[in-house]
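Shown next, in structure tokens, is the structure this report addresses.
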Amino acid sequence: MNFLTQGFELIENIILPNDMDDIHQEIDQLQEPDSAGIRHADTKLSTLQQLAKSSLVLQLVEYYMQDNPQLMRCILFNKTAEQNWLVSWHQDKTLCMPRKFEHPDWGPWSIKDGLDHTQPPLHILNKMVTLRFHLDDNHRENGCLKVLPESHRQGILSTLQIQSLSETIAPTYCLAPKGSVLAMKPLLVHASSKATKPDRRRVVHMEFVPTQLISAYL
1 MNFLTQGFEL IENIILPNDM DDIHQEIDQL QEPDSAGIRH ADTKLSTLQQ
51 LAKSSLVLQL VEYYMQDNPQ LMRCILFNKT AEQNWLVSWH QDKTLCMPRK
101 FEHPDWGPWS IKDGLDHTQP PLHILNKMVT LRFHLDDNHR ENGCLKVLPE
151 SHRQGILSTL QIQSLSETIA PTYCLAPKGS VLAMKPLLVH ASSKATKPDR
201 RRVVHMEFVP TQLISAYL
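By the numbering used here, the letter at position 89 of the sequence shown is numbered 89, and the numbering carries on one by one without gaps.
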């Protein structure tokens, strides 16, 4: 895998065993969500806040971004037998913003969990980096992420264009061991199938934007 050309890269042994135990314990204290995940997880779980601010994570993001990162969104996904969901082929094109503003290059706007979300311009999406931290082993049987390599290089795609790509590009299944992280470009077309053998498949999804590009809008 090559991050720049393929749009994703897997790095193993990022989360230390002791840190993983602490994260698991704090998650286990939460009430199981009624949906696929928990938004703003870094504000609800101190272990994830510490992870997002750790020097290791910041250095990792800076390596891929080549800039100072700003965390914009943190979601805890938990695919289980009770919450066994699928996500069709798509690109991540929205940002969680602290306030709504009027700008011709930003939009449309929506509200999710009481916070404003919008689609930023292409030059910001192209500079963003997503890190997916695997808190359990991810494999095809428990509905791991699958991606269309190099699809991020085609810009913002329509639903029909995404459908066409999914029929012409062979997907890569992101088999990932516990403790690893998948770095990916948000515009990389990706999906997730339902688990055929459901067990806990917990993933922490963090989206980062270069500080210099986003600071004027915060």
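All residues carry an ideal CB built from backbone N, CA and C; glycine is no exception.
Query - Whole-number beta carbon distance between R140 and L182, since they are thought to touch under 8 Å - result: Numbered from 1 along the sequence shown, position 182 holds the residue referred to as residue 182. Numbered from 1 along the sequence shown, position 140 holds the residue referred to as residue 140. Rounded, the Cβ-Cβ distance is 15 Å, inconsistent with contact.
Query - Cβ pair count under 8 Å reaching 3, the region 196-207 against the region 100-111 - result: no
Query raised in the report: Which term fits Y64, buried or exposed, when burial requires 16 or more other beta carbons within 10 angstroms of its beta carbon?
Result: For the purposes of this step, residue 64 is identified with residue 64 of the sequence shown, where counting begins at 1. Buried, by the Cβ-count rule.
Query raised in the report: Under the three-state reduction of DSSP, which class applies to L160: helix, strand or coil?
Result: Taking the sequence shown and counting its residues from 1, one reaches residue 160 at position 160. In this structure, L160 counts as helix in the three-state DSSP scheme.
Query raised in the report: Roughly how many angstroms separate the alpha carbons of Q163 and K146, rounded to a whole number?
Result: Indexing the sequence shown from 1 puts residue 163 at position 163. Indexing the sequence shown from 1 puts residue 146 at position 146. Going from the Cα of Q163 to the Cα of K146 covers about 14 Å.
Query raised in the report: With a Cβ-Cβ cutoff of 7 Å, do H134 and K197 count as a contact?
Result: As a position in the sequence shown, residue 134 is number 134, starting the count at 1. As a position in the sequence shown, residue 197 is number 197, starting the count at 1. No, the pair does not count as a contact, with Cβ atoms beyond the cut-off.
Query raised in the report: With burial defined as no fewer than 16 other Cβ atoms inside 10 Å of the residue's Cβ, what is the status of N18: buried or exposed?
Result: Position 18 of the sequence shown, counted from the first residue, corresponds to residue 18. Exposed, since its Cβ has fewer than 16 Cβ neighbours within 10 Å.
Query - Beta-carbon proximity list for E174, same chain, < 6 Å, skipping 5 on both sides - result: As a position in the sequence shown, residue 174 is number 174, starting the count at 1. According to the sequence as given, residue 174 is Cys; it is not Glu. For C174, where only same-chain residues beyond five positions count, the Cβ hits under 6 Å are C144, L145 and L182.
Report task. Tell me V181's beta-bridge partners as DSSP assigns them. Result -> As a first step, residue 181 must be located in the sequence shown, where it is residue number 181. Answer is I11 and F133, bridged to V181.
Query raised in the report: Any idea what DSSP makes of L295, helix, strand or coil?
Result: Nothing can be reported for residue 295, as the shown portion of the chain is limited to 1 through 218.
**Report entry** Residue closest to L165, alpha-carbon to alpha-carbon, out of I27, M97, D199 and W89
**Finding:** Taking the sequence shown and counting its residues from 1, the one referred to as residue 165 is at position 165. Of the listed residues, the one whose Cα sits closest to L165 is W89.
Query - Three-way DSSP call (helix, strand, coil) for I111 in this model - result: Start at 1 with the first residue of the sequence shown, and residue 111 comes out as number 111. The answer is strand: DSSP assigns I111 an E or B state.
Query raised in the report: What do you get for T43, buried or exposed, if any count of 16 or more other CB atoms within 10 angstroms of its CB means buried?
Result: Stepping through the sequence shown from its first residue, residue 43 is reached at position 43. So T43 ends up on the exposed side.
Query raised in the report: Three or more C-beta pairs closer than 8 Å, one from the region 43-53 and one from the region 67-77: is that the case here?
Result: yes
Report task. Using 10 angstroms around the beta-carbon of Q91, count the other beta-carbons present and answer buried if the total reaches 16, otherwise exposed. Result -> If you number the sequence shown from 1, residue 91 lands on position 91. By the 10 Å Cβ count, Q91 comes out buried.
Requested in this report: Assign T94 to buried or exposed, taking buried as 16 or more other Cβ atoms, counted over all protein chains shown, within 10 Å of its Cβ.
Outcome: On the sequence shown, residue 94 is found 94 positions in, with the first residue counted as 1. Its Cβ being crowded by 16 or more others within 10 Å, T94 is buried.
Query raised in the report: Using the C-alpha atoms, what's the distance from C96 back to K112?
Result: On the sequence shown, position 112 is the one that residue 112 refers to. On the sequence shown, position 96 is the one that residue 96 refers to. K112 and C96: Cα-Cα distance of roughly 9 Å.
Query raised in the report: So, is S158 buried or exposed, given that buried needs 16 or more other C-beta atoms within 10 angstroms?
Result: Locating residue 158 in the sequence shown gives position 158, where the first residue counts as 1. Classification for S158: exposed.
Query raised in the report: Where do the N-terminal and C-terminal ends of the beta strand (DSSP E) with K146 fall, by residue?
Result: Numbered from 1 along the sequence shown, position 146 holds the residue referred to as residue 146. First-last of the beta strand (DSSP E) with K146: L145 to V147.
**Report entry** Every unbroken alpha helix (DSSP H) inside the region 46-110 [4 residues or more]
**Finding:** 46-53 and 55-65
**Report entry** Residues of its chain near N2, where Cβ-Cβ distance is below 8 Å and the 5 sequence neighbours each way are ignored
**Finding:** Numbered from 1 along the sequence shown, position 2 holds the residue referred to as residue 2. E9, listed in sequence order.
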